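> Please read through the structure below; I'll follow up with questions.
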Amino acid sequence: MRRLSALVASVVVALLVLAGCGTGPERAGAAAIVGNTVIPIDEIQSNLRTAVPDLRIAVDQQAAQQGIAPGAPIPPQLLAQESRRLVTVRVLHELIAEQSRRDGIVVAPQRVDAALARAGGAEAAAQGSGFDPATIRGLVADQLAAGDIGREVFDRLSVTIDYATAPDRASAEALARRVAADPSRAPQLFGQQGAGANGLTLRPGQDQGGGIRSSASSLLFGLPAGTVTITPGGSSQSRGQDPAQGPWSVIHVRERTLDAPPPGPGITPASAVDDDTMFGFGLRQLQPLALEQGVTVSPRYGAWDPTQLDVVDNPGAVGVVTPVSAATP
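With mature numbering (1 follows the signal peptide of the UniProt record, and there is no 0) applied, the sequence shown corresponds to residues -19 to -1, 1 to 310, in that order.
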């Protein structure tokens, strides 16, 4: 895939449209529901048909490298990956549109034209992407809007968190329940976990050890204040392992503020952040909206993970965001 649109490259998740209707969302024919907006199954199937020629080329190229004649069936897992990608991209489109409306963000057509021109035009950008030129144009507009959403808050955002790693999902859930029930005990509970941090204050422009791009797109900057979250530790899904048995992260957001002081030493300002990094940060700013509106994906496609803004094929790998109890007067 081309680097033109980070939206195309970075939200590559998908799912096979299986035979049969499955169960939920409640509205018939819905692949997903975002708030009150229905994303039809027919639309996802149509987009999948558009993507198949590019998948065909990719499969034949891989077969040629292995000395196999072209024409082998497209593997079901590849169709599954592509379909999950299509559902996720459509969900993100709805969230970007709504957040843009709330923030008063409008992407001028000239900006989209300029971005496409840098990639050689819509036709060139669409080659190998699985999307047609018209859809590529929309994805570029979404990418630019998400970057603008991020720039609105990048220099003003600060979060204070407690963080720990649990050995498995059951342990993470147990810790999250205790914190949600009595957030005043969070420092003690997280301290008992060993590895982690208590009362850590972070800014998106701070390099947390993996570079600004990795730091700015961190889950930490998308979680609402007064929540405790569990999310998979990372590699268990890609290895085909049971995610419940791998490490999980537990994050308590004590405070999230948009009145942080201007960036000082050691903090990169928004003006110095590249577009791809700002895009990733902008996507994280959609998490509160996604939680507010609610995102539901038909089980035939998998499950929505509100911590990663992805459709995942294993419901056991889905993170959970839970509000903590209000302090007692």
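For glycine and all other residues, C-beta sits at the position ideal for the given N, C-alpha and C. Computed from a predicted structure; not experimentally measured.
Quick check on P224: does DSSP put it in helix, strand or coil?
In this structure, P224 counts as helix in the three-state DSSP scheme.
> With DSSP as the reference, label S230 as helix, strand or coil.
The answer is strand: DSSP assigns S230 an E or B state.
> Whose C-alpha, out of D84, G191 and R66, is nearest the C-alpha of L270?
The residue with the shortest Cα to Cα distance from L270 is D84.
> Buried or exposed: which applies to E63, given that a residue is buried once 16 or more other Cβ atoms fall within 10 Å of its Cβ?
That one is buried.
> To the nearest angstrom, report how far apart residue 320 and Q226 are at their CA atoms.
With the chain covering -19 to 310 only, the question about residue 320 has no answer from this structure.
> Taking DSSP's pairing of strands, which residues face V19 in a bridge?
BP columns for V19 point to I14.
> According to the neighbour-count rule (16 or more other Cβ atoms, all chains shown, within 10 Å of its Cβ), is L239 buried or exposed?
Flag for L239 reads exposed.
> Among the residues of its own chain, which have a CB less than 6 Å from the CB of A167, if the five just before and after it don't count?
These residues qualify, in order along the chain: D143, V160 and H233.
> Is T303 helix, strand or coil when you go by DSSP?
In this structure, T303 counts as strand in the three-state DSSP scheme.
> What is the rounded straight-line gap between the Cα of P51 and the Cα of T31?
Rounded to the nearest angstrom, the two C-alpha atoms are 20 Å apart.
> Using 8 Å as the cut-off, can you tell me whether the region 198 to 208 makes contact with the region 255 to 262, which would need three or more C-beta pairs spanning the two stretches below that distance?
In short, these stretches touch, since the Cβ pair count reaches three.
> Going by the CB atoms, is the gap between V292 and G283 shorter than 9 Å?
For G283 and V292, yes; Cβs fall inside 9 Å.
> For P304, does the count of other Cβ atoms within 10 angstroms reach 16, so buried, or fall short, so exposed?
Result: exposed.
> Quick one: give me the first and last residue of the alpha helix (DSSP H) that T288 is part of.
Careful: T288 lies outside any alpha helix (DSSP H) and carries neither H nor E.
> Note down the Cα distance separating H74 from V87, rounded to an integer number of angstroms.
Roughly 14 Å between the two C-alpha positions.
> Below 7 Å CB to CB, which residues in the same chain sit around R237 once its five sequence neighbours on both sides are set aside?
So the qualifying residues of the chain are V140, P205 and A206.
> Under 8 Å by Cβ, that's how I've got A126 and I77 pegged, so tell me the actual separation to the nearest angstrom.
At roughly 5 Å, the Cβ-Cβ gap stays under 8 Å, so A126 and I77 are in contact.
> Measure the alpha-carbon distance for L120 versus S165 and round it to whole angstroms.
Roughly 43 Å between the two C-alpha positions.
> Have a look at T182, R132 and A61 and flag the residue whose alpha-carbon is nearest the alpha-carbon of V254.
V254 has its Cα closest to that of R132, out of T182, R132 and A61.
> List the whole-angstrom C-beta distance separating A95 from I117, where the pair is believed to meet the contact cut-off of C-beta under 8 Å.
Going by Cβ atoms, the distance from A95 to I117 rounds to 14 Å, so no, they are not a contact pair.
> Threshold first: 3 residues or longer. Then list the beta strand (DSSP E) segments lying entirely within the region 130 to 207, N to C.
Within the region 130 to 207, the complete beta strand (DSSP E) runs of at least 3 residues are 139 to 147 and 177 to 183.
> For the beta strand (DSSP E) that T277 lies in, which residues bound it at each end?
Counting along the chain, the beta strand (DSSP E) containing T277 begins and ends at V276 to V278.
> Express the C-alpha separation of A44 and R37 in angstroms, rounding to a whole number.
Approximately 11 Å, taken between the alpha carbons.
> Using the Cβ count rule (16 or more neighbours within 10 Å means buried), how would you classify P287?
So P287 counts as buried.
> Going by DSSP in three states, R235 sits in which element: helix, strand or coil?
If DSSP states are grouped into helix, strand and coil, R235 belongs with the strands.
> Alpha carbons only, please: which of S196, Q189, P243 and R150 is nearest the one belonging to G214?
Per the Cα distances, R150.
> If you follow the alpha helix (DSSP H) that A61 is part of, which residue opens it and which one closes it?
A61 -> alpha helix (DSSP H) spans P57 to D84.
> What is the rounded straight-line gap between the Cα of R82 and the Cα of Q266?
Going from the Cα of R82 to the Cα of Q266 covers about 14 Å.
> Taking C-alpha atoms, which residue in V40, F112 and Q58 lies nearest to V70?
Nearest option by C-alpha distance: F112.
> When burial is assigned at 16 or more other CB atoms within 10 Å of the CB, is R8 buried or exposed?
Classification for R8: exposed.
> Excluding the 5 residues preceding and the 5 following L181 in the sequence, name in chain order all residues of the same chain whose CB lies nearer than 8 Å to its CB.
So the qualifying residues of the chain are T141, I142, D143 and Y144.
> For V302 and G48, what's the separation of their Cα atoms in angstroms?
One C-alpha to the other measures close to 48 Å.
> Would you mind reading off the limits of the alpha helix (DSSP H) that contains G261?
G261 -> alpha helix (DSSP H) spans D256 to R265.
> Rounded to a whole number of angstroms, what is the C-alpha to C-alpha distance between I211 and L170?
Approximately 15 Å between the Cα atoms of the pair.
> The alpha helix (DSSP H) spanning R281 covers which residue range?
Neither: R281 is in no alpha helix (DSSP H) and is coded neither H nor E.
> I'd like the span of the alpha helix (DSSP H) that includes A95, first residue to last.
Counting along the chain, the alpha helix (DSSP H) containing A95 begins and ends at P90 to R99.
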